[in-house]
Amino acid sequence: MARPQKSSTAERPPLLGAHMSIAGGPAKALERGRSVGCTAIQMFVKNNMQWFAKDLTAADLKAFAAFSDPPEIVFGHTSYLINLCATDSITFERSRLALRAELERADQLKLPFLVLHPGAHVGQGMEAGLKRISESLNFVFSALPKGRCKIALEVTAGQGSAIGSKFAELAAVIASCRYPKRLLVCLDTAHLFAAGYDISTAKGFWNMFAEFEKQIGSARLAAWHLNDSKAGLGSRVDRHEHIGKGKLGLAPFREIMRAEQFKRIPKVLETPKGEDLAEDRENLAVLRGLL
Ligand SMILES: [Zn+2]
Ligand SMILES: [Zn+2]
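In this note's numbering, each residue carries its 1-based index in the sequence shown increased by 138.
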């Protein structure tokens, strides 16, 4: 007898949610996500302003694994301190060790990938910076031969000497890393716009995505960060704004929410909010309203 067919992609809800705080333990992020109806969330795997953290306890891991009705996909974001191409030797070493430790924590939590800002070349130049980032990724991945968690390189606004504001830069890191199967990419709408990709119209959005397809390929697209931008096109300034309230308007969000090809790609907000998550509820309602 034929089994009842699994529900097709078309019938499942879009993977949509927000970045959630882990204050109080990793399971709290799931609880916060569930409270505003997230089907996807992003979280840090430790305090993101500290280099290292105490190990996750057995109780932390149990509460996380046993959480009932969690968002369908939960992934991580690495600490903002990490710079895989730092020129200062202490920061450089710490960055590699911190990334390795965060990947181990992510594996304990069974997260599929961690989003990472590639790095900032801090004056050494783009070429040298790109090379150092690939070497650092080789170092980290080779230290974790059995690691399962992947890294999703995030497109950046290009603020300061940040690397990764052009698809060609992300492609170069992937091409020179010895572990390309462990690399994915995360696209942030605010970063794309500030980096100079004019996605404020449907046409501009799809031009950008055609470029992404050509340089990197949609098979590597791990996640969308849905943020409007306070900063203008090509400003290279990274300032997130509530959906529809910034320089992007609703057009790119409408395309992302409606496109069948992005339905099963997690989409998370990283917009400002208070502890009651009221702003998340509002932004999520605006996004759902675009469907
Ligand atoms: Zn980020
Ligand atoms: Zn982002």
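Don't be surprised by glycine CBs; every beta carbon is placed ideally from N, CA and C.
Checklist entry - Within this structure, are the beta carbons of A295 and A266 separated by less than 8 angstroms? => result no
Self-check item: Start and end residues, alpha helix (DSSP H) containing F350
Solution: A340 to Q353
For R358, which residues of its own chain have a beta-carbon under 6 angstroms away from its beta-carbon, when the five flanking residues on both sides are left out? L322 and V323
Could you confirm whether any beta carbon from chain D is found closer than 8 angstroms to the beta carbon of P164? Absent from the structure: chain D. Only one protein chain is present.
Can D245 and G285 be called in contact, C-beta distance under 8 angstroms? yes
Who are the near neighbours of G342 in its chain, counting only those whose CB is closer than 6 angstroms to its CB and skipping five residues on each side? D336
Where does the unbroken beta strand (DSSP E) through I211 begin, and where does it stop? I211 to H215
(Q) What residue range does the beta strand (DSSP E) around K200 cover? (A) No beta strand (DSSP E) holds K200; the alpha helix (DSSP H) holding it covers A196 to A203.
Report task. Pull up the DSSP beta-bridge partners for Q300, would you. Result -> Sequence inspection shows Ala at residue 300; the Gln mentioned does not correspond to that position. Note: A300 sits in a beta bridge opposite A258.
Quiz item: For Q353, which of I220, L428 and V293 has the nearest alpha-carbon?
Solution: V293
- Task: Note the first and the last residue of the continuous alpha helix (DSSP H) segment covering I289.
- Result: That residue, I289, is in no alpha helix (DSSP H); its beta strand (DSSP E) goes K288 to E292.
Q | Beta-carbon gap between I403 and L153 smaller than 8 angstroms | A | yes
Is the number of C-beta pairs between the region 230-238 and the region 199-214 that are closer than 8 angstroms three or more? no
Would you mind stating whether V183 and L282 have Cβ atoms separated by less than 8 angstroms?
no
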